[in-house]
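Comments concern the structure below.
Residue numbers (my numbering): 1095 to 1249.
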């Protein structure tokens, strides 16, 4: 029995090392074409305004082998805004790529901030990563072209 346990441990350990050795880290650069629904606005008693924003976007990868190239996602965010227009948003998005793999990520910031890959299916199952984004406004307040960079590690 002791030898059976040792053999299983060696095989399992070898599989885990092999899985780690096959992980692929990708540097990502891209932008989104994003359109938002009109926000739902609530005036708060403390002078802040709370906004709920829903958007849809197409992701375009500018870096080689970018799995988000031509992916589509839907997002929702909650934002607090002060009287000067400053504030912060916290959001989450989920979508799918051209291979049909599903991904989700969270993000924060108002005109720029960070994003973090949460999980997904297929190539995104167990993947990790994140980066930064910067908002690029357009002449239409309902659209934007945020740019993003970062890294993800696919298992």
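Each residue gets a CB set at the ideal place from its N, CA and C atoms; glycine is no exception.
What you are looking at is a predicted structure, and each value in this text was computed from that prediction instead of being measured.
Mind reading off the beta-carbon distance from residue i to residue j? Whole number of angstroms is fine, and I expect it under 8 Å.
i	j	result
residue 1225	residue 1247	Residue 1225 to residue 1247, Cβ: 12 Å. No contact.
residue 1166	residue 1185	Not a contact, Cβ separation roughly 16 Å.
residue 1142	residue 1174	5 Å
residue 1249	residue 1158	Their Cβ separation, rounded to whole angstroms, is 20 Å, which puts residue 1249 and residue 1158 out of contact at 8 Å.
Just list the residues that DSSP pairs residue i with in beta bridges.
i	result
residue 1122	1244
Between residue i and the rest of its own chain, which residues show a CB-CB distance below 6 Å, the 5 nearest in sequence each way excluded?
i	result
residue 1228	1206 and 1241
Answer yes or no: do residue i and residue j have a C-beta to C-beta separation smaller than 9 Å?
i	j	result
residue 1183	residue 1203	yes
residue 1239	residue 1160	no
residue 1147	residue 1130	yes
residue 1211	residue 1194	no
residue 1236	residue 1139	no
Kindly list the residues whose CB is nearer than 8 Å to the CB of residue i, restricted to its own chain and excluding five residues on each side of it in sequence; keep chain order.
i	result
residue 1196	1188, 1189, 1190, 1214, 1215, 1216 and 1218
residue 1230	1125, 1238, 1239, 1240 and 1241
residue 1180	1204
Residues in the same chain with beta-carbon distance under 7 Å from residue i, minus the five sequence neighbours each way, listed in chain order, please.
i	result
residue 1168	1150, 1187, 1188 and 1189
residue 1177	1141
residue 1198	1186, 1187, 1188, 1212, 1213 and 1214
residue 1245	1119, 1120, 1121, 1122, 1223 and 1225
In chain order, each beta strand (DSSP E) run of at least 3 residues that lies wholly inside the region 1118-1190: Fully enclosed beta strand (DSSP E) runs of 3 or longer: 1118-1130, 1134-1137, 1143-1155, 1166-1175 and 1181-1190.
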